[in-house]
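S.K.: Before we start, here is the structure in question, set down as structure tokens.
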């Protein structure tokens, strides 16, 4: 089995090194790393279209790209590797990717790029920042990949999984819970500072607190010490309200709704 690893924290991040070490120890597995040169957190699925990308090889054999997480997986799958991996794995991220975080996450974005190319993909994150109990998280990631392989789940059709691992010793982690995404409150207010030239500078505020952390969500599961896994999909269609909007459009076409001032 051939595995492509990427991340959003950069090729030198402890998380990707630990993940590589864990997965390359599996029997019959070939692992290759193509990751960003620098931290690219919150880059989601962004691709670099207006400047060239360069690929370099680090002393440990990892390849790194002056681009986004999605760039790394995209160029790896469209020519850099010269073969099609069986699995794309992203992480281990320095901090949670739960609820609304998945929309912004470069970790999830890298995995999703693999999924969009028809390759099964997993995004791994630790719940808390700081790399605490990283070896345990890497061991759990190895276990999950091994189970997917043993059950012949690596193949067609592709799937996309988002995994969050509490920062706990391996023997303290509770069993895996399959969860839906929770929700967060809106982000904190933007932070405004003044530059040395007297100009206003803006820093994006912190993520909002959990809003929907009910039982069954990733927030709830990880708070109880469980490893959460959420199957994701790319279809953003609001299927529940598709009929509603179609009816509204029919009324517009019939002239039943006239905008004020028209």
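Residue numbers (this note's numbering): 454 to 715. Each residue gets a CB set at the ideal place from its N, CA and C atoms; glycine is no exception.
Alpha carbon to alpha carbon, what distance is there between residue 623 and residue 683?
M.R.: In a straight line, the C-alpha of residue 683 is about 20 Å away from that of residue 623.
S.K.: Going along the chain, which residues of its own chain have a beta-carbon closer than 6 Å to the beta-carbon of residue 681, five neighbours each way excluded?
M.R.: Excluding residues within five positions, the ones whose Cβ falls inside 6 Å are 617, 630, 632, 671, 674 and 675.
S.K.: Under a three-way DSSP split, which group does residue 646 fall into?
M.R.: Looking at residue 646 - three-state DSSP - the assignment turns out to be strand.
S.K.: Mapping the DSSP letters down to three states, classify residue 518 as helix, strand or coil.
M.R.: Here residue 518 sits in strand by DSSP.
S.K.: Is there contact here, the stretch 684–700 with the stretch 602–619, by at least three beta-carbon pairs under 8 Å?
M.R.: Contact between the stretch 684–700 and the stretch 602–619 is present, because at least three Cβ pairs lie under 8 Å.
S.K.: Using a threshold of 8 Å, state whether the C-beta atoms of residue 458 and residue 469 are closer than that.
M.R.: Yes, the Cβ-Cβ distance between residue 458 and residue 469 is below 8 Å.
S.K.: How far does the beta strand (DSSP E) with residue 613 in it reach, from first residue to last?
M.R.: First-last of the beta strand (DSSP E) with residue 613: 613–618.
S.K.: For residue 464, tell me which candidate among 479, 511 and 474 has the shortest Cα-Cα distance.
M.R.: Out of 479, 511 and 474, 511 has the C-alpha closest to the C-alpha of residue 464.
S.K.: Leaving out five residues before and five after residue 571 in sequence, what residues of the same chain have Cβ atoms less than 6 Å from its Cβ?
M.R.: Within the same chain, residue 571 has close Cβ partners 611.
S.K.: Quick check for students: name the residue ranges of the alpha helix (DSSP H) that lie wholly in the stretch 476–550, counting only runs of 4 or more.
M.R.: Qualifying alpha helix (DSSP H) stretches, in chain order: 522–528.
S.K.: So which of 488, 518, 657 and 480 has the shortest CA-CA distance to residue 639?
M.R.: Ranking the options by Cα distance to residue 639, first place goes to 657.
S.K.: Would you check if the distance between the CB atom of residue 578 and the CB atom of residue 550 is smaller than 8 Å?
M.R.: Cβ distance < 8 Å, so residue 578 and residue 550 count as in contact.
S.K.: How many angstroms separate the CA atom of residue 462 from the CA atom of residue 677?
M.R.: If I take the Cα positions, the gap works out to 26 Å.
S.K.: Please confirm whether residue 472 and residue 518 have their CB atoms less than 8 Å apart.
M.R.: Cβ distance not < 8 Å, so residue 472 and residue 518 don't count as in contact.
S.K.: Where does residue 610 sit, in a helix, a strand or coil, going by DSSP?
M.R.: Note: residue 610 maps to coil in three-state DSSP.
S.K.: Relative to the C-alpha of residue 475, which residue among 598, 540 and 494 is closest?
M.R.: Nearest C-alpha to residue 475: 598.
S.K.: Please report the straight-line C-alpha distance between residue 540 and residue 608, rounded to a whole angstrom.
M.R.: Whole-angstrom Cα-Cα distance: 8 Å.
S.K.: Can you list, in chain order, the residues of its chain whose CB lies under 7 Å from that of residue 667, leaving out five sequence neighbours each side?
M.R.: Taken in chain order, the residues that qualify are 673.
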